[in-house]
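Undergrad: Numbering (the working numbering), first residue to last: -10 to 414. For glycine and all other residues, C-beta sits at the position ideal for the given N, C-alpha and C. I'd like to ask you about the structure that follows.
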Amino acid sequence: MKADFETIVRENTAWILKYVRSKISNKDICEDIVQDVWMKAFRAYDNYSEQGKIRPWLMRITQNAVRNHRIAHDSILCISIDAKIDDNDPIGNFLSDDLTPEEEYLKRELTNEVLSAVSKLPWEQREIVTLRYIYGFPVNETSRITGIPEGSVKSKSHYAIKELRKNFGIPEKRKGDKNMDCAEIKKYLFMYALGKISNEKKKVVDEHLSKCKVCSNAALALKKLITHINVEDDVEYAHCFIHIPEIDAFYISVRTRFENVEEANKWLEEKNGDISDQSEYMKSVWTKIVDLKCMFDNDGNELPWSVVGEADTHKYYKADYLKKVYENNWQYFMLTSPDGAENKTFDYTPSKEKPGKFISNAGESFTVSIPMKSMRYQAIPADAKNIKMRRGSGIIDCGTYKFAYSDRYVCDNDMISLEYTFELD
-10 MKADFETIVR ENTAWILKYV RSKISNKDIC EDIVQDVWMK AFRAYDNYSE
40 QGKIRPWLMR ITQNAVRNHR IAHDSILCIS IDAKIDDNDP IGNFLSDDLT
90 PEEEYLKREL TNEVLSAVSK LPWEQREIVT LRYIYGFPVN ETSRITGIPE
140 GSVKSKSHYA IKELRKNFGI PEKRKGDKNM DCAEIKKYLF MYALGKISNE
190 KKKVVDEHLS KCKVCSNAAL ALKKLITHIN VEDDVEYAHC FIHIPEIDAF
240 YISVRTRFEN VEEANKWLEE KNGDISDQSE YMKSVWTKIV DLKCMFDNDG
290 NELPWSVVGE ADTHKYYKAD YLKKVYENNW QYFMLTSPDG AENKTFDYTP
340 SKEKPGKFIS NAGESFTVSI PMKSMRYQAI PADAKNIKMR RGSGIIDCGT
390 YKFAYSDRYV CDNDMISLEY TFELD
């Protein structure tokens, strides 16, 4: 049953006025806009279908009223620095991870400074920050109100808050870094092996590796394997695929040639790194037999990403943020099996010809769509014996693991395969 319209007005006027005041500094104009909102809402209320979504409905009317005023008066939509908010409003709670008693008295002053900083964010980020952190709308309702996909709402929120924290000299939250388990640590092992990891993160990984032999063996093998991986400067596209079955980890690196690097970086700087609205920029596709866990840029910075589509057998992903590109630009991915198993090993089969021995038929194949240099490596237990290559380039001994590999240049629609057998006591 629909609520009485007078009740709707009484329960929602305060937050509507607060929202309008956050956009327009003139108090009299704000009150006029609120009256306009209620006139429009009253006219449309008979056609409103009660679904418990009255606030999003009113928010859309309010946003349109503010935008209409801006267009009519050729003004700039912004958040007013004199908009006051209560201590328990969400935006007043993200300024630091844990405010000390001495810092509490500064919260209100800091909040107004934050509102000033918010007004300088890109338009979509301002809208999302206002809806999520001032008015407390969840991601799905923010997405519905703004028409921005939920994944983009999350990424734009992340980078808006990151930029605000940076402006105020507040360190980023790093919850759980000191207690990462194997599932978390393995996300960073390839970047650790490359040396593209922050000192703070390196300390956490070092601490874990000192206690975990499985992860330590993988890290040591990756460091040695990297010395064998080489891509010439004149190669336009390269793809490196490393699979370590024992820890259920796929480390994939893609190198792309960027034209007009200076122009691209200038564009990224103007967008403050936000590329979430670029549907094809930094897009990748992965088969559904693996799940993407994280991606990194050329410098080892972890990137936020979104699922932007899927087909019967594949999912499409893209980075939502990118700070910088290079002429020969690397992007790094870490994936696992969909079921998230942590102890995956090869499917060992008892050898009929040699009692007491085990043999594994392991292999992978895929077809490329563009010319590239393809490098594929799969880890084999260090104590494996009688390794026989069926298709591929050979074996690399990296101490804690051996790697069967294929390293070659391929053409359009070329099939890449890596097949081999080995014995294990």
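1) Below 8 Å, can you find three or more Cβ-Cβ pairs linking the segment 295 to 307 to the segment 252 to 263?
2) So, Ala210 versus Thr389, is the Cβ gap smaller than 8 Å?
3) Does the pairing of the segment 170 to 188 with the segment 367 to 382 give three or more beta-carbon distances under 8 Å?
4) Between Leu407 and Lys282, what straight-line distance do the alpha-carbon atoms span, to the nearest angstrom?
5) Identify the continuous alpha helix (DSSP H) that holds Phe179 and give its terminal residues.
6) Which value, in whole angstroms, describes the spacing of the CA atoms of Ser268 and Ser11?
7) Thinking Ile264 and Lys175 are a contact (beta carbons under 8 Å), I'd like their distance in whole angstroms, please.
8) Of the residues Trp294, Tyr177, Asn261, Trp256, which one's Cα is nearest the Cα of Pro138?
9) Cβ of Trp319 within 8 Å of Cβ of Arg244?
10) How many Å lie between Phe31 and Ala238 at the Cα?
11) Work out the CA separation of Ala149 and Asp71 for me, nearest whole Å.
12) In angstroms with no decimal places, state the Cα-to-Cα distance between Glu116 and Gly289.
13) How many Å lie between Ser108 and Lys151 at the Cα?
14) Curious, which full-length alpha helix (DSSP H) runs of at least 4 residues does the segment 176 to 231 contain?
15) On the CB-based measure, 16 or more other CB atoms within 10 Å of its CB, does Met28 come out buried or exposed?
16) Roughly how many angstroms lie between the CA atoms of Thr216 and Ala308, to the nearest whole one?
17) List the residues that DSSP assigns as beta-bridge partners of Trp294.
18) Excluding sequence positions up to five away, which residues of its chain have a Cβ less than 6 Å from the Cβ of Asn375?
19) Please report how far the alpha carbon of Cys229 lies from the alpha carbon of Ser242, in whole angstroms.
20) Can you list, in chain order, the residues of its chain whose CB lies under 8 Å from that of Val415, leaving out five sequence neighbours each side?
21) Note down, in chain order, each residue of its chain lying with its Cβ closer than 6 Å to the Cβ of Glu130, except the 5 sequence neighbours on either side.
22) Does Asn332 come out as helix, strand or coil in the three-state DSSP assignment?
23) Just tell me which of Phe(-6), Asn1, Arg56 has its CA closest to the CA of Ala33.
24) Determine the closest residue to Ile18 out of Ile50, Trp4, Ile218, Val55, with distance taken between C-alpha atoms.
25) Between the beta-carbon of Val26 and the beta-carbon of Ile5, is there less than 8 Å?
26) Buried or exposed: where does Asn206 fall if 16 or more other Cβ atoms within 10 Å of its Cβ makes it buried?
27) In whole angstroms, what separates the C-alpha of Ser132 from that of Lys42?
28) To the nearest angstrom, how far is the alpha carbon of Tyr181 from that of Gln52?
29) Can you say whether Ser199 is buried or exposed, counting buried as having 16 or more other CB atoms within 10 angstroms of its CB?
30) Would a C-beta distance cut-off of 8 Å place Ile134 and Met48 closer than the cut-off?
31) Quick one: what's got a C-beta closer than 7 Å to Pro111's C-beta in the same chain, skipping five residues either side?
32) Considering only the beta carbon of each residue, do Leu324 and Asp286 sit closer than 8 Å?
33) Would you please verify whether the beta carbon of Leu178 is less than 8 Å from any beta carbon of chain B?
34) Counting only the same chain and skipping the five closest in sequence on each side, list residues whose C-beta sits under 6 Å from that of Asn332.
35) Which residue comes first and which comes last in the beta strand (DSSP E) that contains Asn15?
36) So which of Phe392, Lys362, Trp275 has the shortest CA-CA distance to Met404?
TA: If we stick to the structure as given:
1) no
2) yes
3) no
4) 24 Å
5) 178 to 183
6) 31 Å
7) At roughly 27 Å, the Cβ-Cβ gap does not stay under 8 Å, so Ile264 and Lys175 are not in contact.
8) Trp294
9) yes
10) 58 Å
11) Because Asp71 carries a pLDDT of 40, less than 50, the predicted location of this residue cannot be relied on, and the following value inherits that uncertainty. One C-alpha to the other measures close to 20 Å.
12) 30 Å
13) 15 Å
14) 178 to 183, 188 to 198, 202 to 215
15) exposed
16) 28 Å
17) Ala308
18) Glu412
19) 5 Å
20) The requested residue 415 does not occur in the structure, where the chain is confined to residues -10 to 414.
21) Pro45
22) Because the pLDDT of Asn332 is 42, which lies under 50, any placement of that residue in the model is unreliable, and the question is left without a value.
23) Phe(-6)
24) Val55
25) yes
26) buried
27) 14 Å
28) 46 Å
29) exposed
30) yes
31) Asn261, Asp263
32) no
33) Protein chain content of the structure displayed is limited to a single chain, and chain B is not contained in it.
34) Here Asn332 scores only 42 on pLDDT, less than 50, and its place in the model should not be relied on; the value that follows carries that caveat. There are no such residues.
35) Asn15 -> no beta strand (DSSP E), and no H or E assigned at all.
36) Lys362
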